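For the sequence shown, this note's numbering assigns the number 221 to the last residue and increments by one with no breaks.
The beta-carbon is built from N, C-alpha and C at its ideal position, and this holds for glycine as well.
Since we're looking at a predicted model, the values are computed, not measured.
Everything on this sheet refers to the single structure shown next.
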Amino acid sequence: LPGLQLRVRANTILQFGGKTRVAALSSALGSLAILLLAAPLIALLPSTVLAAVMIAIAFALMDRWSMQLIGRWRAGDTTPDLLPNLLIVVAVLLVTVFAGFAVAVALGIVLSLVLFIRSLNRGLVRSRWRGEDRPSRRIYPMSQEQALRTLRQQIEGIDVEGVLYFGSEQRLSLEVDRSRPATRFLILDLHRLSTIEASGVTLISQLVQRLASR
Numbered sequence: 008l009p010g011l012q013l014r015v016r017a018n019t020i021l022q023f024g025g026k027t028r029v030a031a032l033s034s035a036l037g038s039l040a041i042l043l044l045a046a047p048l049i050a051l052l053p054s055t056v057l058a059a060v061m062i063a064i065a066f067a068l069m070d071r072w073s074m075q076l077i078g079r080w081r082a083g084d085t086t087p088d089l090l091p092n093l094l095i096v097v098a099v100l101l102v103t104v105f106a107g108f109a110v111a112v113a114l115g116i117v118l119s120l121v122l123f124i125r126s127l128n129r130g131l132v133r134s135r136w137r138g139e140d141r142p143s144r145r146i147y148p149m150s151q152e153q154a155l156r157t158l159r160q161q162i163e164g165i166d167v168e169g170v171l172y173f174g175s176e177q178r179l180s181l182e183v184d185r186s187r188p189a190t191r192f193l194i195l196d197l198h199r200l201s202t203i204e205a206s207g208v209t210l211i212s213q214l215v216q217r218l219a220s221r
């Protein structure tokens with residue numbers, strides 16, 4: 008069957024050093040030559056061989072993001088959106104096999120939108136904590152411990168979850184302004200965020216400047 012400039016072919020070209028249009032054209036002409044001149048030989052390939060090739064191509068086409076999700080899940084990551092994202096990947100995979108590509112893409116978009124709206128409606132701040140609430144497990148001499156006890160009062164932390172975007176500005180600003188006057192170090196724990204939009208990055212940058220001025 009005639010095909011477009013497929014990702015599999017493009018990856019192969021890049022792996023062997025082809026970076027120009029000539030490489031892509033040569034690959035297309037080579038595929039055409041194989042189809043026209045070697046079709047009878049290809050027809051003799053056992054179905055088992057073709058199945059193995061398709062499985063290898065399928066694994067090669069798995070995107071890095073999905074592989075990272077699987078790795079985080081196997082490592083015991085408990086981020087709230089991790090499992091729903093994995094379930095969406097599996098659902099789209101199964102629907103692609105049994106109902107076709109177009110239906111799977113539509114389903115994936117709808118499920119992703121539902122997950123995104125759910126993340127927006129989730130509370131932005133998971134918890135607040137102070138330095139004295141999370142002291143080091145190391146045992147220090149009494150003189151050092153007394154000095155550290157005073158320094159821990161200058162540390163505050165905010166655990167953030169969900170989605171950080173332009174709508175988060177007011178809530179996060181209010182939480183930051185609730186910091187004690189004695190606070191010198193404010194820690195934003197972002198590892199539970201499922202998405203950080205460009206506006207969220209700008210928001211953090213503005214918070215850094217505002218806190219530095221204080």
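- Within the same chain, and ignoring the five residues on either side of G25 in sequence, the residues whose Cβ sits closer than 8 angstroms to its Cβ are A31, S33 and S34.
- For E163, the uninterrupted beta strand (DSSP E) segment begins and ends at I162 to L171.
- Restricting attention to V110, L218, E204 and A46, the CA atom closest to the CA of S186 is found in L218.
- Contact check for E168 against T190 fails: the beta carbons are separated by 8 angstroms or more.
- The continuous alpha helix (DSSP H) containing R81 extends over residues R71 to R81.
- Assignment of beta strand (DSSP E) within the region 167–205, counting only whole runs of 3 or more residues, yields 192–203 in chain order.
- Pairing E182 with L210 gives a Cβ-Cβ distance that is not under 8 angstroms.
- Between the region 134–142 and the region 96–111, the count of Cβ pairs shorter than 8 angstroms is below three; the stretches do not touch.
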